[in-house]
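Numbering (our numbering), first residue to last: 20 to 199.
Here it is, written out as C-alpha cells:
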C-alpha cells in the first residue's frame, strides 16, 4: 500500500516486487526471492558496501530499479571478491546473501531485539521524564482520564525499571532501523 502511494506521489517510478514477509518467512526460496527483488528494485532498501565503499544502491533517495549499466557495474565491482565467470558473480553474491540470512538466524535475533520495546514512545517518554526528574509534558497534553488509566503506573515504578523501559525502547528503535 505504501508503495502505491509513493508511486502515485512520484517518489518512485515503479512498484517493487519485494515483500518483507518473504524475507522473514524462514523459507530459503522466499528469502532468495526477497533478496533478488531487493536487488531488482532497491528503492533505498538495498545497498552493498565493499571495504567501506558503496558499490550498489544509493545514499539518500536510492535507485528505483537496477538497470543494465548498474547491474554491469556491480558485476564488475564483485570481481575481486567472487571468483566466477562474468555474468555469474551477481547471481552467486545474491545466493550467498540469501543463504547467510537464512542459515544465520540473524532475522530472528533482530526480531527479538525489536520486541524489547513493550511501551513504544508513548510509554517510554513517561519513564524518561521520571529519570530526568522533570514534570511530564506528555501527561499535560493528555486528558485526565487517559493519564490515570494508561500512564500513572509508569510514574510510580522504581528508577531501575524506568531505566530499563527507556533502554529497551532505544535498543528496539535502533533495531527497527537496522542494516545487515
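The C-beta atom is built at its ideal place from N, Cα and C for all residues, glycine as well. None of the values given here were measured: they were computed from a predicted structure.
Using only alpha-carbon positions, find the residue among 115, 70 and 89 that is nearest to residue 99.
70
Go through its chain and collect everything with a Cβ distance to residue 143's Cβ below 7 angstroms, but skip five positions before and after it.
184, 185 and 188
Would you mind giving the Cβ-Cβ distance between residue 62 and residue 41, rounded to the nearest angstrom? I have them listed as a contact below 8 angstroms.
So it is not a contact: roughly 16 angstroms between Cβ atoms.
Would residue 193 be called buried (16 or more neighbouring beta carbons within 10 Å of its own) or exposed?
exposed
Is it buried or exposed for residue 121, if we count other Cβ within 10 angstroms and need 16 for buried?
If you draw a 10 Å sphere on the C-beta of residue 121, you find 16 or more other C-beta atoms in it, and that means buried.
Do residue 126 and residue 43 come within 8 angstroms of each other at the CB atom, strictly closer than that value?
Going by C-beta atoms, residue 43 is nearer than 8 angstroms to residue 126.
Count the other C-beta atoms from every protein chain shown that fall within 10 angstroms of the C-beta of residue 23, then say buried if there are 16 or more, exposed otherwise.
exposed
According to the neighbour-count rule (16 or more other Cβ atoms, all chains shown, within 10 Å of its Cβ), is residue 51 buried or exposed?
Counting the other CB atoms within 10 Å of its CB gives residue 51 a total of 16 or more, which places it among the buried residues.
Does the beta-carbon of residue 104 have 16 or more other beta-carbons within 10 angstroms, so that it is buried, or is it exposed?
exposed
Taking the alpha carbon of residue 57 as the reference point, which residue from 75, 46 and 123 has its own alpha carbon closest?
75
Could you check where the alpha helix (DSSP H) with residue 184 kicks off and where it finishes?
178-195
For my contact list, residue 173 and residue 146 are in at a C-beta cut-off of 8 angstroms; report their separation, rounded to the angstrom.
Contact between residue 173 and residue 146 holds, since their C-beta atoms are separated by about 6 angstroms, short of 8 angstroms.
Under 8 angstroms by Cβ, that's how I've got residue 54 and residue 154 pegged, so tell me the actual separation to the nearest angstrom.
About 49 angstroms; that fails the 8 angstroms criterion.
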